[in-house]
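6 protein chains.
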Amino acid sequence: MKKVVTLGEIMLRFSTLEGERLSETGHLTANYGGAEANVAVSLSHFGHEAYFVSKVPDNPLGRAVERHLKSNGVQTDYLLKGGNRLGTYYLEAGVGERSAQVTYDRAYSSFSQLSPEEIDLDEVLDGAELLHISGITLALSPALRELALLAFKKAKEKGITTSFDFNYRAKLWTQQEASEAIKPLLPYADICSCGELDAVYLLGLDKEDEALPREDRLKSYYKKINEMYPDIQYIFSTFRTVLSATSNKLQGNLFTDGELYQSKVHHIEPIVDRVGGGDAFAAGILTGILDGLSAARTISFATAASALKHTIHGDCNAFSKEEVLQFATNEPGKIVR
Amino acid sequence: MKKVVTLGEIMLRFSTLEGERLSETGHLTANYGGAEANVAVSLSHFGHEAYFVSKVPDNPLGRAVERHLKSNGVQTDYLLKGGNRLGTYYLEAGVGERSAQVTYDRAYSSFSQLSPEEIDLDEVLDGAELLHISGITLALSPALRELALLAFKKAKEKGITTSFDFNYRAKLWTQQEASEAIKPLLPYADICSCGELDAVYLLGLDKEDEALPREDRLKSYYKKINEMYPDIQYIFSTFRTVLSATSNKLQGNLFTDGELYQSKVHHIEPIVDRVGGGDAFAAGILTGILDGLSAARTISFATAASALKHTIHGDCNAFSKEEVLQFATNEPGKIVR
Amino acid sequence: MKKVVTLGEIMLRFSTLEGERLSETGHLTANYGGAEANVAVSLSHFGHEAYFVSKVPDNPLGRAVERHLKSNGVQTDYLLKGGNRLGTYYLEAGVGERSAQVTYDRAYSSFSQLSPEEIDLDEVLDGAELLHISGITLALSPALRELALLAFKKAKEKGITTSFDFNYRAKLWTQQEASEAIKPLLPYADICSCGELDAVYLLGLDKEDEALPREDRLKSYYKKINEMYPDIQYIFSTFRTVLSATSNKLQGNLFTDGELYQSKVHHIEPIVDRVGGGDAFAAGILTGILDGLSAARTISFATAASALKHTIHGDCNAFSKEEVLQFATNEPGKIVR
Amino acid sequence: MKKVVTLGEIMLRFSTLEGERLSETGHLTANYGGAEANVAVSLSHFGHEAYFVSKVPDNPLGRAVERHLKSNGVQTDYLLKGGNRLGTYYLEAGVGERSAQVTYDRAYSSFSQLSPEEIDLDEVLDGAELLHISGITLALSPALRELALLAFKKAKEKGITTSFDFNYRAKLWTQQEASEAIKPLLPYADICSCGELDAVYLLGLDKEDEALPREDRLKSYYKKINEMYPDIQYIFSTFRTVLSATSNKLQGNLFTDGELYQSKVHHIEPIVDRVGGGDAFAAGILTGILDGLSAARTISFATAASALKHTIHGDCNAFSKEEVLQFATNEPGKIVR
Amino acid sequence: MKKVVTLGEIMLRFSTLEGERLSETGHLTANYGGAEANVAVSLSHFGHEAYFVSKVPDNPLGRAVERHLKSNGVQTDYLLKGGNRLGTYYLEAGVGERSAQVTYDRAYSSFSQLSPEEIDLDEVLDGAELLHISGITLALSPALRELALLAFKKAKEKGITTSFDFNYRAKLWTQQEASEAIKPLLPYADICSCGELDAVYLLGLDKEDEALPREDRLKSYYKKINEMYPDIQYIFSTFRTVLSATSNKLQGNLFTDGELYQSKVHHIEPIVDRVGGGDAFAAGILTGILDGLSAARTISFATAASALKHTIHGDCNAFSKEEVLQFATNEPGKIVR
Amino acid sequence: MKKVVTLGEIMLRFSTLEGERLSETGHLTANYGGAEANVAVSLSHFGHEAYFVSKVPDNPLGRAVERHLKSNGVQTDYLLKGGNRLGTYYLEAGVGERSAQVTYDRAYSSFSQLSPEEIDLDEVLDGAELLHISGITLALSPALRELALLAFKKAKEKGITTSFDFNYRAKLWTQQEASEAIKPLLPYADICSCGELDAVYLLGLDKEDEALPREDRLKSYYKKINEMYPDIQYIFSTFRTVLSATSNKLQGNLFTDGELYQSKVHHIEPIVDRVGGGDAFAAGILTGILDGLSAARTISFATAASALKHTIHGDCNAFSKEEVLQFATNEPGKIVR
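Protein chains in written order, with full-length UniProt numbering: chain A, 1 to 337; chain B, 1 to 337; chain C, 1 to 337; chain D, 1 to 337; chain E, 1 to 337; chain F, 1 to 337.
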C-alpha cells in the first residue's frame with residue numbers, strides 16, 4: 001500500500017430525486033464529496049493508503065464527513081476540525097434534454113478559510129508517493145493558492161509525484177483568475193489534466209484548426225504544453241459527448257512520452273449520477289501510473305472507472321481495482337448467475 | 001401582469017411508481033391537475049395573473065386543490081366549493097413498449113354537475129385578456145357545453161381573446177358527440193388547437209393524401225379551417241412520434257396569417273411524466289401570443305415548454321419564462337457549475 | 001380579512017427521520033420556516049390577510065420559500081429577492097429521553113444582511129391592523145434591531161397593534177445582549193410573550209418565591225411588567241412540562257386587564273414535531289385578539305392550536321380556525337366516521 | 001375447514017402517513033378493506049374456508065381487490081365483476097389528541113348498486129356453516145337491505161348460523177333509519193354485536209342508570225335483547241376507552257346463556273392503525289363459537305385478536321389462530337430470541 | 001381451467017435500488033420467485049389452474065411464499081412446510097454498461113434437501129395436463145434429479161404433457177454435470193427450451209458455421225435434437241441481444257413440425273427488472289400449446305409476455321392473457337385515455 | 001487510545017418497518033451487527049482502538065461488514081474473508097403488547113465454521129488491554145468454544161483484562177449446554193455480565209427468596225459468584241421491566257469490591273430499536289473500567305449508553321463518550337437551540 005495524499009474541500013451535496021424540482025421538493029438525499037476527496041476515496045478502493053487533508057466544522061456534519069471517509073478506507077489523520085461551516089450545494093438532477101442545475105452555498109466554509117500554517121506539510125507528505133490537488137482548491141482563496149504552491153514545491157523537493165487536475169469551474173472564478181493561479185504551479189507538476197478548452201483559455205495556446213481530427217488537435221496542444229512545462233510526464237483528459245443529461249459518450253486520453261493513448265468510447269446511458277465522474281477518472285489515471293500499468297491499460301482502466309461511477313448515486317466510486325478491470329473487459333450489461 | 005382565465009375540471013391523479021402495477025401496489029403518489037388548470041398554472045409561472053374557474057367539494061381534497069393552485073400562483077377567487085366529490089383517476093405508468101393505463105373515476109364530480117348559473121361570467125371575465133377552455137369540459141355535461149358557449153360569446157362581446165383546445169378523449173365521448181359540441185363554439189374562437197385527426201374526424205375535412213409531407217397536409221387542413229372559421233387567427237398542434245412510453249419525438253406547429261411555423265424536433269428521453277405535456281404546450285402558445293412574440297419564437301417557446309414538462313413528475317409545469325427560454329437555446333443536457 | 005404583517009427570517013430546515021442520526025443519514029426532509037413566517041402562515045389559515053416581510057436569495061431556494069408561503073395563502077409582496085444565501089439549520093429529531101439537536105448554519109443569510117432602507121415601512125404597514133416581530137430578528141444584526149424599532153414606532157403612530165414574541169435563543173446571543181435589545185422596543189408593544197425566565201433574566205425582575213404556585217408567580221411578574229410598560233395590554237406564555245422529547249404537557253397563559261387566564265392542560269404524546277409550536281400559539285393569541293374572542297376563549301384557542309401543531313410534521317400549522325375550535329372542544333382522539 | 005360466508009362492501013382506503021395532512025400530502029398508502037371483507041380475511045387466517053360475496057368493477061382496482069382477498073386465502077367465487085366504480089375513502093391518521101379524519105367517496109359504487117337477483121343465495125349458502133353481515137351493508141341501499149333479509153331468512157331455513165354486526169356509521173344514515181332496517185333482521189340472527197349506544201338508540205331500550213357499573217348496565221341490556229329476540233344466542237361488544245388517537249384501552253364482552261364474560265383489559269399503545277379492529281374482534285368471536293371454545297376463552301381470544309390488529313397497518317389481520325393464542329397468554333412485549 | 005403442475009425451488013430475492021450497491025445500502029426490496037414458481041404464476045394469470053410443488057420452511061418466510069403464490073392464484077396444496085431455511089439471493093441491479101451482480105445464498109434450503117418420497121407424485125399429477133420442471137431443480141441435488149426423472153416418467157405414463165426448460169446456471173454446476181443430468185430426462189420431454197449454447201455445450205452438438213444466419217443455425221440444431229429425441233414436439237428459445245443492462249433486443253423462436261417460427265423483435269428499453277423474463281416466455285409458450293394457438297401466434301404471445309415482464313419489478317408477471325394479446329398487437333407505448 | 005479486542009459473529013439483520021409483518025412486506029432495512037461487533041463499535045466511539053476478530057464471506061456482504069466496521073472506526077485487520085455465507089436474521093419489529101419476532105438464518109455461516117488455527121492469537125492480543133467475548137460465540141460450535149477458551153487463557157497469561165458477557169440465547173442452545181460451556185471459561189474472566197436467571201440456571205446457584213428486594217437477591221448471587229470465581233472483579237447486569245415492546249424501564253447494576261452500584265432508572269419510551277442495547281451497556285461498563293471511572297459513574301454511564309441506543313435504529317451505538325455523559329446529566333428530552 002502506497003501513501004497518497006490529496007488536499008481540498010469536501011462538501012455536503014443535497015440532491016433532488018429524478019423528475020423533481022428543488023423549489024418543490026421536501027425530500028433531499030445527502031452525500032459528501034469534493035474533487036480531491038473523491039480521488040482519495042477511489043485511490044483507497046484501488047488499494048492505496050489514501051490520506052485526505054482538509055478542514056471541516058466540529059459538528060455533526062464534520063463527523064459525517066469523517067464517517068464517510070473512514071467507511072471508504074480513507075485516513076483522516078490530517079482532517080482538521082474547526083471553523084464555521086461545511087460548504088454545501090444543491091443539485092437538481094437533470095433528465096434528458098433538461099440539464100442538472102447546481103446551486104452553490106459554499107462561501108465561508110471551514111476549508112475556504114484555512115490558513116496555510118494550520119497544515120504541517122512535512123508531516124503530511126512524509127513517506128508519501130503522490131500528492132494530488134485540483135484547481136477548485138486554488139479558486140477558494142489566496143491562502144489556499146499559497147498552500148497548494150508550497151505543497152507542490154515541498155513534494156518536488158522530496159521526490160514525491162505531483163498531480164494537478166485543472167477542474168475549472170466557471171461559477172467560482174474567471175478564466176483570467178484561474179490562468180494566473182494555475183500557471184505558477186505547473187512547473188512543479190508531474191501529472192496534469194488538461195482539456196482542449198483549458199489549453200486555449202487557461203494556458204493561452206493558439207486554437208488549433210477545427211478541421212483537424214479532435215485527437216490531432218489534442219496531441220498538438222499536449223506537445224506544446226510539454227515544451228512549456230517539460231517536467232510534466234502525463235497529461236490526461238476526456239472527450240465527453242453530451243447527448244443529453246441521461247446519455248453521454250466518454251473517451252479517455254492519456255499523453256505520455258510524446259504519444260497519445262485513447263480508451264474505447266463508453267456509451268453511458270442512463271447516467272445515474274455524473275458528479276464525481278472526473279474524479280474517478282483522475283484516480284484511475286493515478287492508479288495506472290502508481291501501479292506501473294502501461295499507458296494503454298491505464299487509459300482503459302481510468303475511463304472504465306469513470307464510466308462505472310456514472311452508474312451509481314453519490315460522488316464516491318467504491319469499486320475495487322478488480323471490479324474495474326473486470327468491467328473494462330466484460331461484455332457490457334451481461335448478467336452473471 | 002395580464003388577467004387570463006381558464007375554466008375546467010381539476011382532478012386528483014393517483015400514479016403508480018415506475019415498474020409497479022396498480023392492482024399490486026400499496027403506494028400511490030397523489031397530485032392535482034386537469035387540462036385547463038394546468039394551463040392556468042403554466043400561465044402563472046410565465047408571468048400572467050391566472051384565474052382558474054371550477055368547482056371542488058368542500059372537503060380536504062377540495063382544500064388540497066386550492067393549496068395546489070395557490071402554491072403555483074393561480075388565483076382561486078372563482079373556485080367554487082360544494083357538490084359531491086372530486087373526480088379522480090389512476091395512472092399506471094408506462095415503460096418502454098408498455099403503455100400507460102388510465103382508469104377514470106370521475107363521474108358525479110362537483111364540476112361535472114355544475115350548472116351555468118353558478119358562475120357569474122361578467123365578474124369572471126371582467127378585465128381579462130384571455131379565456132381558455134378545452135374540449136374535455138364540453139364532454140362532461142350538456143350544462144357545461146352551454147356554459148362554455150356562453151362564456152365564449154360573452155368574451156367575444158367584451159373583446160377578450162378566446163382559446164379552445166380540442167383535447168379529444170375517446171374514453172369520454174364519441175367523435176360524433178364531440179363534433180356536434182365543438183362546431184358551435186369555433187365561430188367564437190380566436191385561437192385553437194387542432195391535430196390532423198381532429199381536422200378529419202371532428203371537423204369532417206377530407207383526408208389529405210398520405211403521400212404528401214406531413215406539414216403540407218397539416219397546412220392544407222389549416223387553410224380550410226380558416227376558411228370555415230375566419231375568426232381563428234392561430235391554429236396549433238404537435239407532431240408526436242411515440243417511439244415508446246419512455247421515448248418520444250415532439251415538434252410543434254403554429255399556423256397564423258396563412259403560414260405554418262414549426263419548432264425544432266425535441267427528442268424526449270426518458271419521459272418522466274407526459275401528463276400535462278399538451279397543456280404546457282398550449283400555455284406556451286398563449287404566452288407567445290399574449291406577450292407579442294413572433295410566430296417562430298412562439299412555437300419554439302411552446303414546444304420547449306412542453307418538452308420540459310415531460311421531464312418532471314406531476315401535471316404542473318413550474319418553469320418560469322426565463323427557464324424555458326434558456327432551455328430552448330442551451331445545449332441539451334449540459335451541466336453548469 | 002384583516003391585513004396583518006410579520007417580519008423576520010425564514011430558513012430551510014433539514015430534519016432527520018426519527019431514530020436516525022444526522023452524521024449517519026443520507027435522507028433529509030426539507031421544509032421552510034421561521035418564527036415570524038410561521039405566525040404569518042397560521043394567521044392566514046385563521047382567516048387573515050397575512051403578509052410576510054423578509055429577504056431571500058434569488059435562487060431555487062428563494063423560490064421554494066415563495067412557493068411555501070403562497071401555498072399557505074401568505075402574501076409575498078414584501079418578500080425581497082437578493083443577497084447571498086438562505087439560512088439553514090439541521091434538526092436531529094429527539095426521541096424519548098434523547099433531546100433533539102439543532103445545528104445552525106444561518107450566518108451570512110440574505111435576511112441577516114438586510115439593511116433597514118430596503119424596506120418601505122410606510123407601504124408595508126399601510127392598512128395593517130397588526131405588526132408582529134420576534135426576538136430572533138433582533139438577534140441577527142444591529143441593522144435589524146434598528147429596523148424592528150422603526151417599524152414598531154411607525155406602527156404605533158399609525159394606530160396599528162404591535163406584538164412582540166421574546167423567543168430567546170441561547171445559541172444566537174447572550175441574555176445581556178438580548179435584554180439590551182428588547183427593552184427599548186417594549187414601550188411600543190401592545191402584546192408580548194414573556195415566560196418566567198424572560199421576566200427574570202431578560203427584564204431583570206426579582207425572582208419570585210419558588211414555593212408559590214407557578215401561576216401566582218407568573219401573575220406577579222406580569223403585573224410588574226405592566227407597571228413598567230403600561231401600553232402592553234396582553235402578555236402570554238406557556239407552561240411546558242417536558243416529560244420527554246416524545247411527551248410534553250402544555251398549558252397556555254394569557255394576562256390582560258390584570259387577570260391571568262389559563263387553558264386546560266394538553267398532554268401531547270407522541271410529539272410528531274415541536275418546531276413551530278410556539279409560533280402556532282402566538283398566532284392563536286393574535287387571532288383571539290383580532291377577532292374579539294374573550295380572553296378565556298383566546299387562551300383555549302391558542303393552546304389548542306399549539307397542541308395541534310405538535311401532531312404534524314413541519315413548521316407550518318395549516319389548520320383552519322374551525323378545525324382548531326372543533327379540536328378544542330371534541331373528545332381527544334375520537335374518530336368520526 | 002368450515003365454509004363461512006360474509007357479504008358486504010370492500011373499498012380502497014387511502015391513508016396519509018403519520019403526521020401528514022391529506023390536503024398537503026403527495027404520498028398515500030392504498031389498502032383494501034371493508035367490515036365483512038375484513039371478517040372473511042380473519043376467518044380465513046383462523047382456519048376456515050371463507051367466502052366473500054360482493055361486487056367490484058371490472059378494472060385494475062377490482063383486480064386488486066381479488067388479489068388482496070386471495071392473498072389472504074379468501075375464496076372469490078362469489079365476487080362479482082361489474083358496475084361503475086370501487087368505493088374509496090381517505091383516512092388522515094390521528095395522532096395523540098388529534099383524531100383521525102375520514103373522508104368518504106363511496107357513493108355510486110358497484111356494490112351499492114347491486115340488485116338482489118344478481119346473487120344466487122342458494123349457491124352461496126350451500127354447505128355453509130355461518131353467514132355474517134354488518135349494518136353497513138344495510139345502510140347502502142334498500143336493495144341491499146332486502147338482500148340481507150333474504151339471506152338471513154334462507155340461512156335460517158338451512159340451519160346455517162347467522163351473525164349480524166351493528167357497525168353503526170353516523171356518516172351513512174340516521175339512527176332512525178338504522179333502527180328501522182335492523183329490527184326486521186334480528187329475529188333471524190343467532191349472533192349479534194350490540195354496544196350500549198346501539199341498545200339505547202337503535203333498539204330503543206331505556207337507558208340504564210349511569211351510576212351502575214358498566215358491566216351491570218350491559219348485562220341488563222343484553223337480557224332485555226334476549227327477551228325481544230330469543231333466537232340470539234350470543235351478543236358481543238367491546239368497552240373501548242379512547243385515551244387518545246394513539247392510546248386506547250380495550251375490553252371484550254360476550255353474553256351467552258344469561259352470563260356476561262369479559263376479557264382482560266388490553267392497553268393498546270401505540271395504535272398503529274385501528275381500522276379493522278372491530279372486524280378482527282367479530283372474527284375472533286365467530287371463530288370461538290365455530291370451534292367450540294368456551295365463552296371465557298372465546299372472549300379472551302377475540303379481544304386479543306382485536307388488540308393485535310391495532311398494531312399493524314391495513315384493515316387485514318393476518319394472524320393465525322396460534323399466533324393470537326400465543327399473544328393472549330404471553331407476557332406483553334417480550335422479545336424471544 | 002386446466003390443471004398444470006410445476007416443481008422447483010422458490011427463493012427470497014433481495015434487490016438494491018437502481019444506482020445503489022449491495023455493500024453500501026441499507027434498503028432492500030424483497031420478493032419471492034424461482035423459475036418454476038414464476039411459470040406457475042404466469043400460467044395462473046393466463047387462466048390455468050396452476051399448482052406449484054415445493055418445500056419451504058415453516059416460518060414467516062415460508063408463509064410469505066404461500067401468500068405470494070395465493071395472491072397470484074397459484075394452488076399451494078403441494079407446498080410442503082419444513083426443513084431448515086428458505087434459499088435467498090441478492091441482486092445488485094445493473095445499469096447501462098454495468099451488469100447486475102447476483103450473490104447466491106441458497107445452500108441448505110428446505111427444497112434442496114427434499115427427498116423424493118416426500119412428494120406423492122400420483123396425487124400431484126392426478127388430472128394434470130402439463131408438468132413443467134427446469135434445469136435448476138436438477139442442479140440442486142441428486143435426490144431432486146431422481147425426483148424429476150420419476151415425475152417425467154410418471155407423467156409420460158399418464159399421458160400428461162411434459163415440459164423441460166434448460167435454464168443453465170453456471171454458478172450452480174458445470175456444463176459436464178448439467179449435461180449428464182439433463183440427457184436422461186429428455187426422452188420423456190414433449191416440450192423443451194434449448195438455446196444455441198445449450199445445444200452445443202450441454203447436448204454436445206457440433207457447432208454450426210458462424211457464417212450462417214442465426215436462425216438457420218438454430219433450425220439445424222433443432223432438427224438434430226428432434227432426431228435424437230423424437231418425442232419432443234416443441235423446442236423454444238430466445239435471441240437476446242444485450243445492448244446494455246438497460247437495453248435489450250428480444251426475439252422468440254419456436255420449432256415444431258420441422259418449422260421454425262419467430263416473433264417480431266422487441267426492443268426492451270428501459271429494462272425495469274429482467275429476472276423472470278425467461279419464465280414468462282416459457283409460460284407463454286406453454287399457454288399457446290395448452291390453448292391450441294397456432295405456432296406463429298404462440299411465439300408472438302410468449303415473446304410479448306416476456307417483454308412485458310421486463311417492464312415490471314419482481315419475478316412475477318401478473319398480466320392476463322388479454323393484456324398480453326393487446327400488448328402484442330398495440331402500438332408500443334401509446335397511452336389510451 | 002487503548003487497544004481492545006472483541007471476537008464473535010457479525011450478521012446481516014433484516015428489519016420490517018413498524019406495523020408491518022415479515023410475511024407481507026416487500027421492504028426490509030438491512031444493517032450489520034452482532035454482540036461482540038457492537039461492543040467494538042461502541043468502544044471505538046468511546047475513544048478506544050477497537051479490533052474486531054471474525055470471519056465473513058468474500059462477497060459483497062462481507063465487504064458491507066468491513067465498510068460498516070470501518071465507518072465506525074473499528075479496525076478490521078483481523079477480519080478474515082472466506083467461508084460460505086454471512087449469517088442473517090429477520091426481525092419483525094414489535095409494537096406495544098405485540099413482541100418482536102426473530103427468525104434466525106445463521107447456520108453454516110463463515111464464522112460458525114471457523115477453526116481455531118485460523119486465528120493467530122498472539123498477533124491479535126499483542127499490545128491489547130482488553131479482550132471481550134460473549135456466550136453467543138460459545139454457542140456456535142465446539143471449535144469456537146475451544147478458541148474462546150484459548151484466547152482467555154492467553155490473555156490471562158499476557159495480563160490482558162478479560163470480559164465475558166453471558167448473552168444467553170434460548171434459540172441457540174439449552175441451559176445445560178450453555179452451562180457446560182461457560183463454566184470452564186469463568187476462572188479466566190476478570191469482568192462478566194450475569195443476570196439473575198443466568199446465576200440460577202447457568203451457574204446453578206440456589207434461587208434466592210423472591211420476597212427479598214431484587215437488589216438484595218442480586219447482591220447475594222454476586223457474592224457467591226465471587227467466591228466461586230475469585231478472579232472476577234466486576235459483575236454487571238440490568239434490571240429491565242418490559243412494560244411493552246414500546247416501553248421499558250432499565251436500571252444498571254455493577255458489582256465490585258463487594259458492593260452493588262446501581263444507576264437511576266431510565267424510562268425508555270418509545271423504543272426505536274432495542275437490538276444492541278445490551279452491547280451498548282457492556283461497552284459502557286468496559287469503558288468505565290478502562291478509563292478508571294468510579295463504579296458509580298461507570299454504571300451511570302453504561303446505563304445511559306444503553307438507554308441512548310434504544311432511541312436509534314440499528315445495532316450500532318454511534319454516540320461519543322461526551323454525548324453519553326451529557327445525556328446522563330441533562331434533563332431528558334429538552335431541546336437546545
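For every residue, glycine included, the Cβ atom is placed at its ideal position computed from N, Cα and C. Nothing here was measured: the structure is a model prediction, and the numbers come from that model.
- CA-CA distance, G96 of chain C to A318 of chain F, rounds to 17 Å.
- The DSSP assignment places complete beta strand (DSSP E) segments of no fewer than 3 residues inside the stretch 3-35 of chain D at 3-7, 11-15 and 27-33, in order along the chain.
- Taking the CA atoms as reference points, K153 of chain A sits about 9 Å from L185 of chain A.
- Between the alpha carbons of I232 of chain D and P187 of chain D lies a gap of roughly 8 Å.
- Neighbourhood of R67 of chain B in chain C, by CB distance below 9 Å: S71, N72, G73 and A318, in chain order.
- Between K321 of chain F and K70 of chain A, the gap from beta carbon to beta carbon reaches 8 Å or more.
- Here H267 of chain C carries a strand assignment [DSSP, helix/strand/coil].
- For A100 of chain C, the secondary structure class from DSSP, reduced to helix, strand or coil, is coil.
- Non-local C-beta neighbours of S115 of chain F in its own chain, meaning closer than 7 Å and more than five positions away in sequence, comprise A143, ordered along the chain.
- Here DSSP, grouped into helix, strand and coil, assigns Q326 of chain E to helix.
- In the structure shown, the three-state DSSP call for D216 of chain D is helix.
- Runs of the alpha helix (DSSP H) spanning 4 or more residues and lying entirely within the stretch 142-168 of chain F occur at 142-158, in chain order.
- The beta carbon of N59 of chain D sits closer than 8 Å to some beta carbon of chain B.
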